[in-house]
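Input: a single structure, listed below in structure tokens.
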Amino acid sequence: MAVARAATRARARATPRRDARARRATTTAATRDGDAPTTSRRVATLRNEGAYATLEKVAAIERRDATARVLRLEIGQPGFETPARVRDAATRAIEGGETRYAAPSGAPRLREAIAAYVTRTRGVTYDADDVVVGPGAKPGLFLPTLAVCDAGDEVVYPDPGFPTYAAMCACAGATPRPVPLRSDGASFDMAALEASVNERTKMIVINSPGNPTGGVMPREDVATVARLAKKFNCWVMSDEIYSRLIYHDDEAAGENDEKIFSICALDGMKERTILVDGFSKTYCMTGWRLGWVACPKHLAEKIKLLTVHSVGCVAAFTQIAGVEALTGPQDSVKAMRDEYRVRRDFVVDALNDIPGISCPVPQGAFYAFPSFDFPDVTAQELADYLLEDARVALLPGTDFGAAGERHLRLSYVGELSDLREAMARIKASLAKRFPDFV
Ligand code: PLP
């Protein structure tokens with residue numbers, strides 16, 4: 212009792228300090244609405260994904276002006292339909308009653324198909340128990356981060372980079388260490404990377420081909436990442452969602468379009484690689500929500516448990532569609548990539564033809580990431596101006612991190628005719644606003 216009373220007295224003495232700390236925390240980080248309880252500091256820095264915010268701006272313009280035809284270059288949504296054979300497989304599965312709960316880590320048939328696909332494409336043997344299926348690739352980023360990071364662990368990731376990398380660090384309580392990319396966006400600034408990885412680093416995120424730059428990391432840079440990961444005993448999360456969208460200059464290399472160079476194939480790396488991939492981009496299945504992680508079994512088991520308690524499982528009929536996507540004919544992937552290549556070449560040439568804009572040739576994904584020289588304008592202001600004046604929606608580079616300033620991101624998934632019109636409108640609007648550059 213005496214101990215309990217002493218504890219109560221100690222708590223009472225500590226309370227004002229705790230309250231003051233809590234008040235400071237809530238004013239600097241957490242949010243509240245009126246008298247409602249506050250939200251956590253964990254979510255205080257979360258921001259909307261730029262593409263969704265732009266979607267709202269486009270909707271506002273269309274509400275204001277019913278005749279406005281906004282050309283949509285902001286979203287990473289494949290410009291093709293999901294292959295018919297995949298849609299048919301899902302329809303048959305629904306008709307056949309595949310509408311109940313499925314296994315949380317994924318249906319065995321799908322995990323086997325994914326393990327076989329990863330083994331075939333990366334040249335490294337995986338089995339079904341190394342694989343966890345989720346609703347899209349995003350859970351494959353988020354849940355492993357929760358599973359490997361404690362508060363104070365550092366996570367290194369590309370800047371500019373996919374916005375979920377910063378968000379997943381915030382939610383895991385990890386310390387974000389964004390590392391700038393080199394000027395063509397293909398890879399990290401390797402000196403900055405070397406300076407950022409240390410004994411506190413728990414995970415290095417790589418994304419090749421990358422969003423937003425379309426850059427493909429040179430193999431020697433991937434080897435450096437592997438060396439650093441082994442030296443400091445950390446994980447590498449390799450986000451390979453665009454791995455089937457590489458535009459090989461060497462046609463012979465492009466012939467075997469299924470072979471993917473992955474960090475997991477380097478010596479001693481399989482046991483520390485969290486390989487993330489999915490169906491959204493390769494099979495034009497963004498709305499189906501289907502992706503996966505392949506990683507060591509002890510981590511896969513923890514990711515499975517996080518899946519059990521967060522999303523539960525992925526719809527059974529969606530998973531059957533996934534089996535069809537991976538095991539059926541793959542010609543749609545090559546046809547799509549060939550078409551994107553034509554669109555990429557057009558868009559990059561057209562951008563480089565605009566005074567004040569300069570765009571490296573991206574080797575993968577379906578994004579162009581030009582920089583601009585115009586004075587006294589931020590990337591956000593320029594993107595807003597182009598939406599209002601040219602009625603072209605694209606994203607400011609800063610939606611992907613501070614190092615994206617003075618860049619724009621365009622996705623070239625749309626029809627060539629729309630891309631032509633978009634480029635003409637952008638050129639005309641910029642000439643009007645920056646006549647000195649014409
Ligand atoms: N990783 C990167 C780099 C992406 O660009 C995206 C989507 O745009 C994802 C992951 C998420 O993919 P999914 O829609 O399958 O969750």
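So the number in our numbering is just where the residue sits in the sequence shown, counting from 1, plus 211. We put the CB at the ideal spot given by N, CA and C, even for glycine.
Please identify the residue among the options whose C-alpha is closest to the C-alpha of residue i.
{"i": "Arg644", "options": "Glu599, Pro571, Asp246 and Ile417", "result": "Glu599"}
{"i": "Arg620", "options": "Ala639, Glu632, Val649 and Arg555", "result": "Arg555"}
{"i": "Ser628", "options": "Tyr596, Tyr312, Val588 and Ala561", "result": "Ala561"}
{"i": "Met496", "options": "Arg296, Arg280 and Met379", "result": "Arg296"}
{"i": "Asp549", "options": "Ala304, Gly261 and Tyr623", "result": "Tyr623"}
{"i": "Pro346", "options": "Gly575, Ala313, Tyr263 and Lys413", "result": "Ala313"}
{"i": "Ser398", "options": "Val436, Ala326, Val254 and Cys570", "result": "Val436"}
{"i": "Arg258", "options": "Ala378, Leu606 and Thr538", "result": "Ala378"}
{"i": "Ala546", "options": "Leu486, Phe291, Val344 and Gly308", "result": "Phe291"}
{"i": "Pro369", "options": "Val269, Asp340, Cys382 and Met414", "result": "Met414"}
{"i": "Ala358", "options": "Pro507, Glu469, Tyr578 and Ala526", "result": "Pro507"}
{"i": "Asn563", "options": "Tyr551, Val367, Gly523 and Ala579", "result": "Ala579"}
{"i": "Gly384", "options": "Leu404, Cys360 and Gly372", "result": "Cys360"}
{"i": "Ile417", "options": "Pro389, Glu285, Gly608 and Cys382", "result": "Pro389"}
{"i": "Glu616", "options": "Ala642, Lys638, Tyr453 and Pro586", "result": "Pro586"}
{"i": "Pro371", "options": "Pro355, Ala633, Ala590 and Glu632", "result": "Ala590"}
{"i": "Val329", "options": "Gly608, Tyr596 and Ala476", "result": "Ala476"}
{"i": "Ile325", "options": "Pro646, Thr412, Tyr596 and Gly502", "result": "Gly502"}
{"i": "Leu354", "options": "Asp542, His520, Leu606 and Arg602", "result": "His520"}
{"i": "Ser316", "options": "Thr518, Ala327 and Glu469", "result": "Thr518"}
{"i": "Thr293", "options": "Arg500, Ala526, Leu605 and Ser449", "result": "Arg500"}
{"i": "Ala633", "options": "Gly245, Val588 and Arg280", "result": "Arg280"}
{"i": "Gly479", "options": "Ala440, Asp450, Gly489 and Leu456", "result": "Ala440"}
{"i": "Ser582", "options": "Cys445, Pro573 and Ser569", "result": "Ser569"}
{"i": "Thr651", "options": "Gln574, Arg303, Asp488 and Thr609", "result": "Residue numbering for the chain in the displayed model covers 212 to 649; residue 651 lies beyond these limits and cannot be assessed."}
{"i": "Glu535", "options": "Thr375, Asn409, Thr302 and Ala381", "result": "Thr302"}
{"i": "Leu602", "options": "Asp276, Pro248, Asp244 and Asp246", "result": "A small fix is needed here, since residue 602 is Arg in this sequence, not Leu. Of Asp276, Pro248, Asp244 and Asp246, the residue nearest in Cα terms is Asp276."}
{"i": "Asp338", "options": "Ala327, Thr356 and Cys380", "result": "Ala327"}
Would you mind sorting residue i into buried or exposed? The rule is 16 or more other CB atoms within 10 Å of its CB.
{"i": "Gly351", "result": "buried"}
{"i": "Glu592", "result": "exposed"}
{"i": "Ser394", "result": "exposed"}
{"i": "Val649", "result": "exposed"}
{"i": "Asn422", "result": "buried"}
{"i": "Thr265", "result": "buried"}
{"i": "Arg283", "result": "buried"}
{"i": "Val152", "result": "Here the chain comprises residues numbered 212 to 649, so residue 152 is not present and cannot be evaluated."}
{"i": "His618", "result": "buried"}
{"i": "Gly334", "result": "exposed"}
{"i": "Val553", "result": "exposed"}
{"i": "Thr242", "result": "exposed"}
{"i": "Ile452", "result": "buried"}
{"i": "Asp429", "result": "The sequence shown places Pro at residue 429, rather than the Asp named in the question. Exposed, by the Cβ-count rule."}
{"i": "Glu365", "result": "buried"}
{"i": "Ala576", "result": "buried"}
{"i": "Arg311", "result": "exposed"}
{"i": "Arg543", "result": "With the sequence shown as reference, residue 543 is identified as Ser, and Arg is not the correct amino acid for it. So Ser543 ends up on the buried side."}
{"i": "Gly261", "result": "buried"}
{"i": "Pro289", "result": "buried"}
{"i": "Glu285", "result": "buried"}
{"i": "Pro540", "result": "exposed"}
{"i": "Ala442", "result": "Looking at the sequence itself, residue 442 is Lys, so the reference to Ala does not match. Exposed, since its Cβ has fewer than 16 Cβ neighbours within 10 Å."}
{"i": "Ala527", "result": "buried"}
{"i": "Glu626", "result": "exposed"}
{"i": "Tyr263", "result": "exposed"}
Give a yes or no on whether 8 Å exceeds the smallest Cβ distance from residue i to chain D.
{"i": "Gly308", "result": "As a matter of chain content, chain D is missing from the structure shown, which is built from one protein chain."}
Item checked: Closer than 6 Å to ligand 1: residues, by C-beta to nearest heavy atom, in chain order -> Gly287, Gly347, Ala348, Lys349, Phe373, Asn418, Asn422, Asp450, Ile452, Gly489, Ser491, Thr497 and Gly502
Next item on the list: Can you check the segment 350–435 for any alpha helix (DSSP H) of at least 4 residues that lies completely inside it and give the ranges in chain order?
Entry: 375–383 and 401–407
Check: At what residue ranges does the segment 261–344 contain a whole run of the alpha helix (DSSP H), taking only runs of 4 or more?
Finding: 261–275, 295–306 and 319–333
Next item on the list: Report the residue ranges of all beta strand (DSSP E) runs contained in full by the segment 471–556; include only those spanning at least 3 residues, in chain order.
Entry: 484–489 and 502–505
Next item on the list: Just list the beta strand (DSSP E) runs in the segment 554–606, keeping only unbroken ones of 3 residues or longer that don't cross its boundaries, in chain order.
Entry: none
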